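Trainee: Sharing a structure below in structure tokens format, with a few things to ask.
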Amino acid sequence: MTKLTYVILFTFMCLCFATQAQTNIWDENPADSQLELDSLLTVLPTVTRADKIGLLNRIAEIYWSINPDKTIEYASEALQLSKEFNQKEQEGLALINLCQGYLFNAIFDKALQYGLQSLEIRKEIGNDYDLAFTLRTLGWLYYDIGYFDKALEYHTEVLKIHEKIGSKQRIAYSYNSIGLIHEGKGDCNLALSFFKKSLELIETLNNKDRIAEAMTNMGICYRKINDLGLAIKFLESALEITNEIKFEHKKVYILHELSIVHLMLENFDKAYALLEESRMIIQTITNNKELILENNKIMSDYYLAIHNYKESFSYYKKYIEESSKIFSSTESERLAEMRILYEAERRENEIKLLEQERHLEAQKRNFLLIGALLLAIIAMLIIGGLWNNIKKKKAIYLQSHKLSKEKLKTQYLERENLEHKLEFRQKELTNLALFISQRTSIYKDFTKSLKNLKFTDLKELKKNIDSLIKEYTFKFDFNEDIQRFHANIENLQSDFLFKIKEEFPHLTDKDVQLAVQVKLKLSSKEIANINNISLNSVEIGRHRLRKKLGLDQKDNLVNFLENI
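Numbered by mature numbering (1 follows the signal peptide of the UniProt record, and there is no 0), the letters in the sequence shown go through residues -21 to -1, 1 to 543 in order.
Here it is in structure tokens:
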């Protein structure tokens, strides 16, 4: 038997053991993944179709952060074979691999679809390790699209499963995940409490990669709460560990964070040295566009801090140009679609709850009305038996009183119903405005997918273009939303429009339009997105509006408009 055959058999035996172990790529050392990948790709052509499934899933798993397109390719084949051979566990693994591949490519709707399918299978099987990992992946999906409450719900459930399992490493990971969500929500003090718990556990396991990550997260939180001494302490400790394990991508991230802290401390020479060091490392890293983007942004801040405005503008211009290349409008459409689906689900639940409450209120009113009528009838019968002479007069009085009361009650209910409708329409208008703002902002921020096409291989290019056409087709009628928004303003704010034009006839149509949007408590950024103008134009417009309304600097513009 040849030496190569021994290597292949040994690798295959290791893989068979690994597929039964309760681990995944995040539980392992990333530095070892390339060696394993090379071995698996060597073994793959030599095994039968049924035995290929585990190999395909493992290869797809290793490719998560290396090449998500390869993850999708190998996981798709694993999914097809697992269904053919009725291997449910491998089917669940293939689905979560597809979820990860699409998540890394920021195709959130596809990621959610495969993630939920995997969750259904893994709940059926009942393996806590696999179930926790699928829930964790879905939690990160919601974190990436900015729905932190939903992400927190999933990661909290994952923590409960990890505590049940009793795995310190996984519990530490859950603490770190929950900390990141609270940091995203802006509560850095609460986030620090979870990062500290994570660090305490992971230090006992001597997992240097995880220790560095927890320390980095703590350093960022301390920077955000302006405790810069502790920020430097934890970031430098994380940098020391990262140098030891030679994780260059993480090192660049930490160097950038340290440079921000030193800028805040006005240690400009130190900040510049850190940025230059990170820039040199970035040149050695593939897929470094986002790192260059971040470096340019901080460089712009550095030159701004030392009052070199020309260089600051130069780096900021590079930052803007690179931003437009990295993010794609197609991805932004998918992100918007995910947010719309989430909001639609939430609103549907709210409407159902309101309908139930209204139904209960209607039943309550009916019971009270029936009870009142019964009491009135009984009283009338008793009084009629005692005083026949005044029966007719009292009956007429009671009937008249009853009709008046019902009429007033009906008028009150009608007015209340109109107020509810007006409030609901007002919320709809605000939600529409926010929705338009989100979509316009998304259009400006993302242009990545098409820039990633490779023109060296025409066959591969055609395949990629066909894939883009199938996966990136979404309807997005922006102008119709704006027209509907302004039409709703004219309907719902007609009284306000009449009063402000009557009281301030010198205001232009644009001034009146801005006044209405400010009255709706929309931010300057949202107003800029709705009207497709710059944020600076909105600020100038607000300033001119205040002058035309005769307001002092201390006067609140929103309160003034609401009182018109």
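Don't be surprised by glycine CBs; every beta carbon is placed ideally from N, CA and C.
Since the model is a prediction, treat every value here as computed from it, not as a measurement.
Count the C-beta pairs between the segment 204 to 224 and the segment 245 to 255 that are closer than 8 Å, then say yes if the count reaches three, no if not.
Mentor: no
Trainee: Closest to residue 112 by C-alpha separation, out of 125, 92, 346 and 152, would be which residue?
Mentor: 152
Trainee: Thinking residue 60 and residue 37 are a contact (beta carbons under 8 Å), I'd like their distance in whole angstroms, please.
Mentor: Going by Cβ atoms, the distance from residue 60 to residue 37 rounds to 13 Å, so no, they are not a contact pair.
Trainee: Return helix, strand or coil for residue 127, following the three-state DSSP convention.
Mentor: helix
Trainee: Mind pulling the alpha helix (DSSP H) runs of 4 or more residues that sit fully within the segment 8 to 62?
Mentor: 12 to 22 and 28 to 41
Trainee: Could you give the C-beta distance for residue 202 and residue 231, rounded to a whole number, given that I count them as a contact under 8 Å?
Mentor: Between residue 231 and residue 202 the Cβ distance is about 17 Å, and since that is not below 8 Å, they are no contact.
Trainee: Please list, in chain order, all residues of the same chain as residue 123 whose beta carbon is under 8 Å from its beta carbon, the five residues on each side excluded.
Mentor: If we look at residue 123 and ignore the five residues flanking it on each side, its Cβ neighbours are 82, 85 and 87.
Trainee: When burial is assigned at 16 or more other CB atoms within 10 Å of the CB, is residue -10 buried or exposed?
Mentor: Because residue -10 carries a pLDDT of 42, less than 50, the predicted location of this residue cannot be relied on, and the following value inherits that uncertainty. Buried, since its Cβ has 16 or more Cβ neighbours within 10 Å.
Trainee: Measuring alpha carbon to alpha carbon, tell me which of 301, 168 and 225 ends up nearest residue 191.
Mentor: 225
Trainee: Just tell me which of 34, 353 and 242 has its CA closest to the CA of residue 19.
Mentor: For residue 19, the closest alpha carbon among the candidates 34, 353 and 242 is that of 34.
Trainee: Give the range of the alpha helix (DSSP H) segment to which residue 515 is assigned.
Mentor: 514 to 528
Trainee: Taking the Cβ atom as the reference point for each residue, do residue 117 and residue 136 lie within a distance shorter than 7 Å?
Mentor: no
Trainee: Look up residue 362 in the DSSP assignment and say whether it is helix, strand or coil.
Mentor: helix
Trainee: For the alpha helix (DSSP H) that contains residue 434, what are its first and last residues?
Mentor: Looking at the DSSP string, residue 434 is not in any alpha helix (DSSP H), and its letter there is neither H nor E.
Trainee: Can residue 278 and residue 294 be called in contact, C-beta distance under 7 Å?
Mentor: Yes, Cβ-Cβ distance for residue 278 and residue 294 is below 7 Å.
Trainee: Whose CA, out of 51, 97 and 257, lies closest to the CA of residue 72?
Mentor: 97
Trainee: Taking only three categories from DSSP, how would you classify residue 538?
Mentor: In this structure, residue 538 counts as helix in the three-state DSSP scheme.
Trainee: Taking residue 164 as part of the alpha helix (DSSP H), name the residues at either end of that continuous run.
Mentor: Note, residue 164: premise wrong, no alpha helix (DSSP H); not H, not E.
Trainee: Which same chain residues end up closer than 8 Å to residue 535 when comparing Cβ atoms and leaving out the 5 residues on each side of it in sequence?
Mentor: Annotation for residue 535: no residue places its beta carbon closer than 8 Å to its own, counting only its chain and skipping 5 residues before and after.
Trainee: Could you give the distance in angstroms between the alpha-carbon of residue 25 and the alpha-carbon of residue 31?
Mentor: 9 Å
Trainee: Would the beta-carbon of residue 157 fall within 7 Å of that of residue 107?
Mentor: no
Trainee: In whole angstroms, what is the alpha-carbon distance linking residue 105 and residue 302?
Mentor: 43 Å
Trainee: For residue 259, which of 228, 467 and 281 has the nearest alpha-carbon?
Mentor: 228
Trainee: Measuring CB to CB, does residue 503 end up less than 7 Å from residue 517?
Mentor: Between residue 503 and residue 517, the CB-CB gap stays under 7 Å.
Trainee: Please state the DSSP three-state secondary structure of residue 454.
Mentor: Its pLDDT being 46, under 50, residue 454 is placed unreliably in this model, and the coordinates cannot settle the point.
Trainee: Under 7 Å, do residue 199 and residue 189 count as touching if we go by C-beta distance?
Mentor: no
Trainee: Excluding the 5 residues preceding and the 5 following residue 163 in the sequence, name in chain order all residues of the same chain whose CB lies nearer than 6 Å to its CB.
Mentor: Answer for residue 163: 127, listed in chain order.
Trainee: So, with DSSP's three-state summary, where would you put residue 254?
Mentor: Helix at residue 254.
Trainee: Between residue 79 and residue 50, which are expected to be in contact by the criterion C-beta below 8 Å, what is the C-beta distance as a whole number of angstroms?
Mentor: With a contact defined as Cβ atoms closer than 8 Å, residue 79 and residue 50 qualify at about 6 Å.
Trainee: Rounded to whole angstroms, what's the CA-CA distance from residue 194 to residue 40? Just pull it up for me.
Mentor: The alpha-carbon atoms of residue 194 and residue 40 are separated by roughly 26 Å.
Trainee: If you draw a straight line from the alpha carbon of residue 284 to that of residue 242, how long is it in whole angstroms?
Mentor: Going by the C-alpha atoms only, they are around 8 Å apart.
Trainee: Under a three-way DSSP split, which group does residue 263 fall into?
Mentor: Three-state result, residue 263: coil.
Trainee: Does residue 436 pass the burial test, meaning 16 or more other C-beta atoms within 10 Å, or should it be called exposed?
Mentor: exposed
Trainee: Helix, strand or coil: how does DSSP classify residue 487 here?
Mentor: DSSP, read as helix, strand or coil, puts residue 487 in coil.
Trainee: Could you tell me if the beta carbon of residue 175 falls within a distance shorter than 6 Å of some heavy atom in the ligand HEM?
Mentor: This structure does not include the ligand HEM; it has no bound ligands of any sort.
Trainee: Sort 480, 514, 56 and 388 by Cα distance to residue 527 and report the nearest one.
Mentor: 480
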